[in-house]
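Protein chains in written order, with the working numbering: chain A, 246 to 357; chain B, 22 to 135. Don't be surprised by glycine CBs; every beta carbon is placed ideally from N, CA and C. This one's a predicted model, so the numbers in the text were calculated from it and none came from an experiment.
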Amino acid sequence: DSGVTQTPKHLITATGQRVTLRCSPRSGDLSVYWYQQSLDQGLQFLIQYYNGEERAKGNILERFSAQQFPDLHSELNLSSLELGDSALYFCASSDTGGSPLHFGNGTRLTVT
Amino acid sequence: GQQLNQSPQSMFIQEGEDVSMNCTSSSIFNTWLWYKQDPGEGPVLLIALYKAGELTSNGRLTAQFGITRKDSFLNISASIPSDVGIYFCAGLADSGGSNYKLTFGKGTLLTVNP
């Protein structure tokens, strides 16, 4: 158990809809990262937060947004969903930006 | 941007055999990480390497941080069926201002035949 909790485990929704994925980092970790994993693209970095502030952005679409709350949990919001957004979405946390990431078990999003 | 070339893409081996996989990069990393991902789960950290030339073991796993800081390898000795999974290398580089960018390889799918 990595200590990183992600909910829900599975999500099935229709195109055009909006969903929210939630992540609770390991106790004591200030940094939260979001990754998207699809079969052909591997693990793609989306965005990082550190202690509530956005720290780095990767290949995150404008339809996607995230935030980290004062209690350090984070949410990833995906809107105007398209079929191609179907993927595994992972959250990871670390205590500082330079330490290894610990991953949650992911949310599998299926857009129909 | 930074890219990691991980090879091989997949391996089919017999139980008891040793396995070797590696990652190379065109840029320097401060840290090399190796993860394993089982189906339906998130990547789990196996080994972290922090210094060029460092050789670290974790049970039957051994990994090394290349001297040039642009490569790393992972060896698994005496493989067992539960070693099946996808192995990812990842390189961590300081982007400046305490920002660290983690780049993943595309993974090596390992299949172990009992």
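Around lysine 91 of chain B, no beta-carbon contact reaches into chain A at under 9 angstroms, the shortest distance being about 19 angstroms. Counting along the chain, the unbroken beta strand (DSSP E) around tyrosine 278 of chain A starts and ends at 276 to 283.
Judged by their CB atoms, leucine 82 of chain B and leucine 66 of chain B are not nearer to each other than the 8 angstroms cut-off. The beta carbon of lysine 127 of chain B falls within 8 angstroms of a beta carbon belonging to chain A, placing the residue at that interface.
Under the criterion of beta carbons closer than 8 angstroms, leucine 130 of chain B and glutamine 30 of chain B qualify as touching, at roughly 7 angstroms. Ranked by Cα distance from glycine 273 of chain A, the options A:Ile292, A:Arg263, A:Asn296 and A:Gly287 are led by A:Asn296. Your pair phenylalanine 348 of chain A and valine 249 of chain A checks out as a contact, with CB atoms roughly 6 angstroms apart and the cut at 8 angstroms. For leucine 328 of chain A, the secondary structure class from DSSP, reduced to helix, strand or coil, is helix.
Under the DSSP assignment, alanine 73 of chain B falls outside any beta strand (DSSP E); it carries neither an H nor an E label. Judged by DSSP in its simplified three-state form, aspartate 39 of chain B adopts coil rather than helix or strand. Inter-residue distance for glutamine 282 of chain A and phenylalanine 335 of chain A is about 8 angstroms (C-alpha atoms, whole angstroms). With its beta carbon at least 8 angstroms from every one in chain B, glycine 248 of chain A lies outside the interface. The residue from A:Ala259, A:Pro253, A:Ser247 and A:Lys254 with its alpha-carbon nearest to that of serine 325 of chain A is A:Ala259. Within 7 angstroms of the CB of histidine 318 of chain A, no CB atom of chain B is found; the nearest one sits about 17 angstroms away.
Against chain B, the CB of histidine 255 of chain A has no partner CB under 8 angstroms away; the residue lies outside that interface.
In the three-state DSSP reduction, serine 310 of chain A falls in the strand class (E or B). Here glycine 87 of chain B is buried. Its C-beta has 16 or more other C-beta atoms within 10 Å.
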